[in-house]
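Since the structure comes first, as structure tokens, the remarks are kept for the end.
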Amino acid sequence: MPLHKDSIAHRISFYFKSRPEVGAAYLFGSFAQGREQSFSDIDLGVLLNYESLSQKSELTTIYTVDLGRLLRKDFHILIMNTAGEMILSQIFKRGKCIFQQNSRLLS
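Position one of the sequence shown corresponds to residue 6 (our numbering), numbered consecutively onward.
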């Protein structure tokens, strides 16, 4: 039985509570808009603290593997700190913040 969207968001949020380098996480794309299919991946924007940006490639891989194993879904992780304005605009407009532990990074 597939996981409900709220359950998935809760599990992702719980996962990031143990990751001090993550300031916030946003669901975006088809999943956040309720248009996902059984084969859809989960688009996830992650905002890192500035000290961790040099490790963004490694962290992206870790998050993709860990969350994929945890939820048995494919993930597309986007590090928001280095994303372009157009995609950030879409994330903030249509996405859903599911985790936040450092509001200063959002200002």
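Glycine is no exception: its CB is placed at the ideal position from the N, C-alpha and C atoms.
Quantities reported herein were computed from a predicted structural model and do not represent experimental measurements.
query	result
Cα separation between V51 and F33?	11 Å
Would you call V70 buried or exposed, if buried means 16 or more other Cβ atoms sit within 10 Å of its Cβ?	exposed
Residues in its own chain within less than 8 Å of L75 by CB, not counting five upstream and five downstream?	R16 and Y20
Taking C-alpha atoms, which residue in S94, R99, G89 and F80 lies nearest to E13?	Rather than Glu, the amino acid found at residue 13 in this sequence is Ile. For I13, the nearest C-alpha among the options comes from F80.
Using DSSP bridges, identify the partner residues of A30.	V51 and F104
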